[in-house]
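Residue numbering for the sequence shown follows UniProt numbering, starting at 1 and increasing by one per position. Ideal Cβ positions, reconstructed from N, Cα and C, are used throughout, including at glycine. Since the structure is predicted, the reported quantities are computational estimates derived from the model, not experimental observations. Below: the structure, in structure tokens.
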Amino acid sequence: MAAEFESCVEYGLNLSKRIYYGKELGVVVVPPEMTRTPESYLPEAVSVYAVVPEPEVVENPDVPSYQPYVHGKCEPPALIPLHMHGVEVEVDCCLDNAVVTVVGRWRVHCVMTSSKCDCRIAVPIREQGSLLGVEVDIGGRLYHSKLITAEDAKDNENATKKSTNGGGYLKRPNIYFQNSKGKLHTYIQSKVDGGTTLSVKVSWSQKLTYQEDQFCLSVPFTFPDYVVPVGKKISKREKIRLNVNSSIGKEISYKCTSHPLKELSSEMGKLSFLYDAEVPKWSTADFKFSYSVSSNDLYGGVLFQSPTLHDFDQREMFCLYLFPGKSQSMKVFRKEVVFLVDISGSVKGEILENVKKALMASLNKLDPQDSFNIIGFNGGAHIFSSSMESASKAAISKATKWIGEKLIADGGTNILLPLKQVCMASHDTSESIPIIFLITDGAVEDERQICNEMKGYFTSTRSISPRIFTFGIGLYCNHYFLQMLAQIGKGHYDCAYHPDYVEHRIQRLFDAASSVTLANLTLETFEHLDSSLELYPSHIPDIFSGSPLIVSGRYAGNFPDSIEVRGKKADMSNFAIDLKAEKAKDILLDRIFARRQIDILTAQAWLFESKELEEKVSKMSIQTGVPSEYTRMILLQSSKKAPEPVFIQEVFNKINLLKRADSSTTSSFIYLGSLGVGFGNLKATMENIIPAVEDTKLSSEAAEILLKATSNCCGTLLNRCCCMCFIQTCSHMNNQCSIVLSQICAALACFECISCCYELCDC
């Protein structure tokens with residue numbers, strides 16, 4: 001799909017050469033630098049495209065040129081990037097989370113006024129991002145997204161689309177769900193008149209990376225030359241507003257490497273900046289900003305906050321944070337690493353080669369006092385050595401050769417067998433940390449059994465239990481199983497949905513696993529809190545030299561004035577630090593930690609097969625606006641009039657009205673589907689289907705479903721995670737639909753303390 005998309009854009013740019021801009025400017029020819037490799041046609045910022053199936057509609061809506069008729073149709077339709085007429089970005093950073101809101105205006109400059117075209121909105125979202133909301137104004141027609149429960153979506157099955165798993169990086173080919181190079185792209189499509197200006201507002205959350213004691217932000221803000229509007233007197237203004245609230249009472253130092261920022265305000269722990277400029281052409285660089293909190297040693301604190309009146313969970317909220325600081329004086333634990341590498345038939349080719357490269361690079365990062373082993377598993381287990389090998393140059397050289405010769409993709413997938421072998425072979429140690437590093441691309445039938453057996457193993461009395469780090473490749477593996485396994489093993493989980501990201505992310509995860517400075521952490525002074533105390537994650541992970549530790553949760557009762565954190569250093573001496581508790585100000589803890597809490601609870605709901613936990617996730621998702629596996633996103637039309645306040649009971653009455661609505665009404669709601677990654681694909685794993693890099697084509701059945709769905713409704717629904725989804729809407733909507741949509745829109749307004757999340761913050 002990515003290659004097809006890029007090809008469509010390239011053809012669209014060629015079609016745009018037909019556009020005549022008047023005597024003064026004439027025909028604008030695409031400059032040579034715009035004829036680039038297909039890779040460069042993927043959007044690097046929020047972008048809008050005209051979907052052109054019939055070339056004859058390509059024309060300047062202001063100055064007709066009456067060019068010769070063009071015969072034939074574009075199949076697939078050409079995509080012409082629309083000219084952008086202004087863009088504003090607002091970013092709110094707090095702890096390790098950023099919420100990004102982009103507002104822009106685009107004009108359909110390439111379609112004659114007497115014709116209509118679909119427009120697609122592409123939103124590239126950075127790593128670990130979550131789409132929070134989309135609002136589109138098309139000549140006075142307003143559309144916005146909402147989350148509803150999966151059960152409500154099932155009650156309106158006649159409006160939903162039959163889903164088939166086409167495999168590869170297209171989660172659902174009939175609704176264009178695709179991961180492109182690890183970035184999330186969301187596509188929205190709607191009929192628009194030639195010459196119309198679209199206003200688009202998109203909100204998402206993303207995680208700040210932590211490097212060398214700095215929080216680093218990167219927002220997609222790179223625009224190609226071909227979206228610059230043609231004309232000498234057209235204003236081109238771009239604006240960036242950045243707010244940083246560290247929530248830590250320490251001085252912040254910062255630097256911006258991309259755009260000139262003006263400091264608006266500065267106080268202890270808070271910064272505000274503005275970039276506002278009239279430019280000759282749009283930004284050609286992503287917006288990058290980094291900041292650090294001044295401290296040499298390990299430092300931290302605790303924030304607590306009361307829930308809002310509309311919060312379904314009325315327990316108090318808190319978060320605990322520990323940052324490693326600038327000093328690297330703390331000694332790192334020795335490591336006993338066992339790499340468990342999936343070599344089933346589905347990892348053949350580029351995937352396995354990238355895994356091998358990452359494995360070899362990781363071996364070369366081991367210290368001489370460390371030890372290692374390698375197990376390649378498919379239906380059986382292929383072991384490098386009968387015992388742990390010291391990380392000497394000779395042993396690493398021997399292992400590198402073995403990796404190249406013995407790790408060959410073939411057979412099925414059996415994860416439990418090698419895990420048991422490692423657990424049985426490992427011995428109690430007080431001087432090093434045993435690490436199990438699991439890499440897989442598939443799902444297996446006994447995943448719950450694996451988790452339960454590992455839980456039993458790790459509850460045994462050992463000085464330091466093995467840590468489990470898991471890495472998932474593609475969409476066929478069960479990412480929630482891998483997350484749960486990592487939680488049980490007090491490790492971490494990461495993933496790559498595209499082969500090009502496998503090597504880098506495996507190495508990044510291994511770097512974290514290799515830098516443990518404090519282990520066996522416990523939180524004291526919680527004894528007087530009752531059983532309502534809930535921690536995310538429930539198993540406190542270790543502290544690494546290159547990343548912060550953040551634990552959040554809920555409680556009932558009186559919160560202590562401080563929390564004592566205890567642990568073990570690498571020399572096995574005891575460590576303790578008291579963290580002062582203070583009330584959180586100017587931030588919303590439930591919004592900041594919604595993504596990670598939803599993921600943790602979803603993994604628990606999967607493991608325990610708990611409907612109660614599923615409902616809890618669903619409520620949390622709707623309340624915070626963060627998509628989940630148990631909610632579905634809808635696109636609906638609303639009026640510009642602000643909805644009147646309503647009570648909670650009225651909300652449920654309106655939702656029940658939606659359930660009872662007849663088929664003609666429910667069909668007007670656009671069901672964009674689940675924005676989740678799902679729970680793996682056992683069938684694809686058993687058949688050794690490769691997580692395809694190549695494009696998956698729409699089946700004729702899927703195409704027919706799309707055609708019928710968009711013929712009498714205002715949209716279609718989608719899916720999440722380092723991926724692409726298309727939301728398709730059409731211009732046909734009856735009056736009854738309009739009334740119900742506006743009623744539901746008003747009814748859900750009580751959840752619009754969510755709107756502060758959309759506009760102030762967002763994973």
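For the pair Y275 and Y501, the Cα-to-Cα distance works out to about 32 Å. A buried status is given to F372, since no fewer than 16 other beta-carbon atoms sit within 10 Å of its beta-carbon. For L521 and H539, the gap between their C-alpha atoms comes out near 9 Å. Your pair V102 and V136 does not check out as a contact, with CB atoms roughly 12 Å apart and the cut at 8 Å.
Contact annotation, F377 with N414: C-beta distance approximately 6 Å; criterion of less than 8 Å satisfied. A straight-line Cα-Cα distance of about 38 Å links T222 and M317. According to the DSSP secondary-structure assignment, F437 is paired through a beta bridge with F339, F469.
For K401, the enclosing alpha helix (DSSP H) has its first and last residue at 393-406. For G412, there is no enclosing beta strand (DSSP E), as DSSP marks it with neither H nor E. Rounded to whole angstroms, the Cβ separation of Y49 and P76 is 12 Å, and the two are not in contact under 8 Å. Taking E212 as reference, the option from Y66, F304, S545, L416 with the minimal CA-CA separation is S545. Residue state for G129 is assigned as coil, using DSSP reduced to three classes. The DSSP-derived three-state label of V9 is helix. Assigned with DSSP and collapsed to three states, M84 falls in strand.
Ranked by Cα distance from I622, the options E4, D590, P68, F608 are led by D590. For P548 against L322, the beta-carbon gap comes to about 6 Å, under 8 Å, which counts as contact. When secondary structure is reduced to three states using DSSP, D137 falls in the strand class.
In the DSSP assignment, V516 forms a beta bridge with F544.
Closest by C-alpha distance to T631, out of S674, C216, G194, is S674. Beta-bridge pairing by DSSP links W106 to M84, L198. Comparing alpha carbon positions, the residue from D441, F437, L485 closest to R448 is L485. Between the C-alpha atoms of G140 and K250 there is a straight-line separation of about 47 Å.
At the C-beta level, N681 and L438 stay beyond 9 Å of one another. In this model, A391 and V551 are separated by some 34 Å (Cα to Cα).
CA-to-CA, the gap between F289 and G345 works out to about 43 Å. R126 places its beta carbon less than 9 Å from that of V219. Close CB contacts of S247 within its chain, under the 7 Å cut and outside five residues either way in sequence, are with C94, L95, G269, L303, A584, I587 (chain order). Check the Cα spacing between K420 and each of D410, S432, I436, G412: the tightest is with I436. The shortest CA-to-CA distance from G472 to any of S463, Q483, P466, I464 is the one to Q483. For the pair G86 and W106, the Cα-to-Cα distance works out to about 8 Å. When the beta-carbon positions are compared, A399 and L363 come within less than 9 Å of each other. In this structure, DSSP gives V51 an extended state, which the three-state scheme calls strand.
One Cα belongs to P280, the other to K262, and the distance between them is close to 20 Å. The beta-carbon distance between L79 and V123, rounded to whole angstroms, is 15 Å. This is too long to meet the 8 Å contact definition. In this structure, A358 lies near F510, with their beta-carbon atoms less than 9 Å apart. Across the set F5, M424, C477, I343, the C-alpha of C477 shows the shortest separation from the C-alpha of D446.
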